[in-house]
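Before any comments, here is the structure.
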């Protein structure tokens, strides 16, 4: 009986890329490198920052003008679809700087199609998770006390279940998305390999990723507190920092020297 051909690890489906272990405070170093990237590519950072800023500003404007929260779901779905694509453009800028090249808008836009099946598949995955969250939120809202000025005791069930479901979904999305887009863009692997590798990297660096999650949360809340205008700086900053986190954590055969 002839021997089976060896498995090509480069084409193996849903494999897990190895990850390094980093210090808990490493995310602050990623931010310092991200600031340097913004200084080296100010116009591209501004262009992408304006694109990202338009989304939360539009959401806030529609909520204020229409006096309804019904616009949040379609806006969130739209952001889930186009957000990863534009983030890939910023990752490409950081990658070009890493290689010592001069980044251009044209080159960064092409990066959105380096791994179209994976990148758009990931966008659809995020969209599905958002829709599930919205449906669960509607179900949880049914527990809200049907009385004016409810007491804390009356709100306990509503708050407890809502916090539990929201926390689980947030942690899941964070683990899934921490490094998945970067892996798919650079290595052109399948979406399952990228997702499994991202989850494994987050698990192996739990303390650092908790710090990173709180940094993201603080900056996003600050962005909305400024009416969305601060996202002009915040989104390029977070995207560049995420790229440096990817470089530091996901192992490569050769040292990259840009961490």
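In UniProt numbering, the protein residues as written are 1 to 259. Ideal Cβ placement from N, Cα and C applies to all residues, glycine included.
Sub-8 angstroms separation of residue i and residue j beta-carbons
i           : j           : result
residue 181 : residue 122 : yes
residue 231 : residue 223 : yes
residue 136 : residue 145 : no
residue 261 : residue 207 : This structure cannot speak to residue 261, because the chain is shown only from 1 to 259.
residue 95  : residue 244 : no
residue 240 : residue 38  : yes
residue 235 : residue 49  : yes
residue 179 : residue 197 : yes
residue 41  : residue 93  : yes
residue 129 : residue 169 : yes
Residue i versus residue j: straight-line alpha-carbon distance, rounded
i           : j           : result
residue 132 : residue 21  : 33 angstroms
residue 34  : residue 195 : 24 angstroms
residue 103 : residue 63  : 37 angstroms
residue 3   : residue 242 : Low per-residue confidence applies at residue 3: pLDDT is 47, beneath 50, and the placement is therefore not dependable, though the value from the model is reported in the following sentence. If you take the alpha carbons of residue 3 and residue 242, they lie about 44 angstroms apart.
residue 56  : residue 250 : 31 angstroms
residue 203 : residue 148 : 44 angstroms
residue 254 : residue 58  : 43 angstroms
residue 19  : residue 184 : 15 angstroms
residue 53  : residue 219 : 13 angstroms
residue 126 : residue 171 : 13 angstroms
residue 32  : residue 211 : 15 angstroms
residue 161 : residue 140 : 7 angstroms
residue 111 : residue 143 : 45 angstroms
residue 227 : residue 60  : 8 angstroms
residue 51  : residue 153 : 43 angstroms
residue 216 : residue 248 : 18 angstroms
residue 186 : residue 252 : 11 angstroms
residue 16  : residue 200 : 8 angstroms
residue 119 : residue 150 : 45 angstroms
residue 99  : residue 177 : 24 angstroms
residue 46  : residue 221 : 20 angstroms
residue 205 : residue 229 : 32 angstroms
residue 138 : residue 101 : 49 angstroms
Strand pairing of residue i, partner residues [DSSP]
i           : result
residue 250 : 19
Residue i Cβ short of 7 angstroms to the ligand GTP heavy atom set
i           : result
residue 145 : This structure does not include the ligand GTP; it has no bound ligands of any sort.
Ignoring anything shorter than 4 residues or poking outside the region 181-237, list the alpha helix (DSSP H) runs there in chain order.
191-204, 206-225
How do the region 94-113 and the region 164-172 stand: do at least 3 beta-carbon pairs fall below 8 angstroms, yes or no?
no
The region 184-200 contacting the region 110-117, beta-carbon criterion three pairs below 8 angstroms
yes
Quick one: complete alpha helix (DSSP H) runs, 4+ long, within the region 71-152?
If we require 4 residues or more, the alpha helix (DSSP H) runs fully inside the region 71-152 come out as 72-98, 105-110, 116-141.
Only counting runs of 4 or more residues, tell me where the alpha helix (DSSP H) segments fall wholly within the region 21-48, in order along the chain.
26-40
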